[in-house]
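Numbering (my numbering), first residue to last: 16 to 128. Worksheet: the structure to be examined is printed underneath.
In structure tokens, the structure reads:
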């Protein structure tokens, strides 16, 4: 039996970005994968839910489908007291959380969408 990760669709692109940014603030490397599938642009993050019952880890793929390809190779996030700023960028800025977007040639086989 071939194991696949469990796809979890988020409500909005900002939810996915916020998730990646929160991982980054806890010291974990984070990035957003991008690939085209069935005419849509898929953006997503692999996460392992560790020690789930008898498993060493349960692989999850949080994702969203959009119509557009990434504008630039980075997403920058700045969280302030009363607002959350997100922008595409060609590089990083001081004081912003950088999240690289990694574009894949095709959908990985372990993702079942």
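Glycine residues also receive a C-beta, built at the ideal position from the N, C-alpha and C atoms.
Residue span of the beta strand (DSSP E) that contains residue 89, given as start and end: The residue given as residue 89 occupies position 74 in the chain shown. From DSSP, the beta strand (DSSP E) with residue 89 extends over 89 to 94.
Taking DSSP as the reference, what is the three-state secondary structure of residue 57? Position 42 of the chain shown holds residue 57. Correct three-state label for residue 57: strand.
Rounded separation between residue 87 and residue 104 - CA only: The sequence position of residue 87 within the chain shown is 72, counting from 1. The sequence position of residue 104 within the chain shown is 89, counting from 1. Whole-angstrom Cα-Cα distance: 5 angstroms.
Does the Cβ of residue 59 have 16 or more other Cβ atoms within 10 Å, making it buried, or fewer, making it exposed? In the chain shown, the residue the question calls residue 59 occupies position 44. So residue 59 ends up on the buried side.
4-residue-minimum alpha helix (DSSP H) runs that sit fully inside the segment 22 to 54, ordered along the chain: Runs of the alpha helix (DSSP H) inside the segment 22 to 54: 28 to 40.
Distance CB(residue 116)-CB(residue 36) smaller than 8 angstroms: The sequence position of residue 116 within the chain shown is 101, counting from 1. The sequence position of residue 36 within the chain shown is 21, counting from 1. Not closer than 8 angstroms, so no.
Which residues does DSSP list as the beta-bridge partners of residue 73? For the purposes of this step, residue 73 is taken as residue 58 along the chain shown, with counting starting at 1. For residue 73, which the question treats as bridged, DSSP gives the partners 64.
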